[in-house]
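Undergrad: I'd like to ask you about the structure that follows.
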Amino acid sequence: MESKIAIITDIHGNSAALRAVLNDIDKDKQIKHIYCLGDLIGIGHETNEVLEMLFSRKDISFVKGNHDEAVLHILEGKEPESVGEEKEHHKWIATGLDDKYIPKLRSLPKKQHKKINELDFLFVHYHLNDKNEFESIDTQPTLEKLDEIYKTVNADVVCFGHHHIVHHFKSKNRLYLNPSSLGCNHKPFAPYAKLHMGKSGQIDTIFIEVPYDNKEFLLTYEKLNVPAKEFILKNFYGEQHLQYI
Numbered sequence: 001m002e003s004k005i006a007i008i009t010d011i012h013g014n015s016a017a018l019r020a021v022l023n024d025i026d027k028d029k030q031i032k033h034i035y036c037l038g039d040l041i042g043i044g045h046e047t048n049e050v051l052e053m054l055f056s057r058k059d060i061s062f063v064k065g066n067h068d069e070a071v072l073h074i075l076e077g078k079e080p081e082s083v084g085e086e087k088e089h090h091k092w093i094a095t096g097l098d099d100k101y102i103p104k105l106r107s108l109p110k111k112q113h114k115k116i117n118e119l120d121f122l123f124v125h126y127h128l129n130d131k132n133e134f135e136s137i138d139t140q141p142t143l144e145k146l147d148e149i150y151k152t153v154n155a156d157v158v159c160f161g162h163h164h165i166v167h168h169f170k171s172k173n174r175l176y177l178n179p180s181s182l183g184c185n186h187k188p189f190a191p192y193a194k195l196h197m198g199k200s201g202q203i204d205t206i207f208i209e210v211p212y213d214n215k216e217f218l219l220t221y222e223k224l225n226v227p228a229k230e231f232i233l234k235n236f237y238g239e240q241h242l243q244y245i
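Here it is as structure tokens:
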């Protein structure tokens, strides 16, 4: 039989982008399930709106991202991996997080294995070391490097996020896929991917960019005085807010 899934990742507290993507996914009645690869929160300021939208649905499976983990560490009285301005940002996110979402956020695993149409999938936010910690971002990924990282992993398809650019690598061993960050883009687009698994085991991958209105989202950084807002608006959104000022 055939099967179709959607892959989303790195929503980063951007409810306008998430709403646009979920609306687009819901138009495709063939999609049976959504896999969300972490970083639900952090960077964006719409924490509770995003978590309500995600956790209220029954058709999404999750893994935990580094921003999710950093905020949880702060709530648990632990030191997060973040430092300086990023740490202050995570503290601000933690302060505004509605308590009702914490148990669900805390329960998210760091990886999930699923069998879909006889294919073994691994869903993870990013590559994990032997201590179950996220590796640093490899800014020059190659097929050879990815095959080396996952050489002992039983997976036909490895789906991950974290690095906010599209990855689409295929070796004789497996397919590697990163649809790019849904919530952080230098243009008013929200990316995600659809995977269609055919009867013979083939996989058709479609990368989609959904346009959405990001004006209010960007201007609210100043209204809320979000910590690290200058860095975020420049590095994650390409200073798109300047056209609205």
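Take the sequence shown: its position 191, counted from the start at 1, is 191 in UniProt numbering, and no numbers get skipped.
Glycine residues also receive a C-beta, built at the ideal position from the N, C-alpha and C atoms.
From a predicted model like this one, the values you see are computed outputs, not experimental measurements.
Do Leu22 and Cys159 have their C-beta atoms within less than 8 Å of each other?
TA: Against a cut-off of 8 Å, the Cβ pair of Cys159 and Leu22 comes out as no contact.
Undergrad: For Gly44, name the three-state secondary structure that DSSP assigns.
TA: DSSP places Gly44 in strand when its eight states are reduced to three.
Undergrad: Can you give me the start and stop residues for the alpha helix (DSSP H) that Val71 sits inside?
TA: First-last of the alpha helix (DSSP H) with Val71: Asn66 to Leu75.
Undergrad: Assuming contact is defined by CB atoms lying nearer than 8 Å, are Ile25 and Ile34 in contact in what I supplied?
TA: Yes.
Undergrad: Do Leu182 and Ala17 have their C-beta atoms within less than 8 Å of each other?
TA: Yes, these two residues count as a Cβ contact at 8 Å.
Undergrad: Quick one: is Val83 buried, meaning 16 or more other Cβ sit within 10 Å of its Cβ, or exposed?
TA: So Val83 ends up on the exposed side.
Undergrad: As a quick exercise: from Glu216, His186, Lys114 and Ile31, pick the residue whose alpha carbon is nearest that of Asn235.
TA: For the residues Glu216, His186, Lys114 and Ile31, the minimum Cα distance to Asn235 belongs to His186.
Undergrad: Based on DSSP bridge pairs, tell me the residues matched to Ala193.
TA: In the DSSP output, where bridge partners are listed per residue, Ala193 has Ile7 and Phe207.
Undergrad: Can Leu97 and Lys111 be called in contact, C-beta distance under 8 Å?
TA: Cβ distance not < 8 Å, so Leu97 and Lys111 don't count as in contact.
Undergrad: From Leu143 to Ile165, what does the alpha carbon distance come to, in whole angstroms?
TA: Approximately 15 Å, taken between the alpha carbons.
Undergrad: Rounded to the nearest angstrom, what separates Lys58 and Glu81 at their Cα positions?
TA: Distance between the alpha carbons of Lys58 and Glu81: 31 Å.
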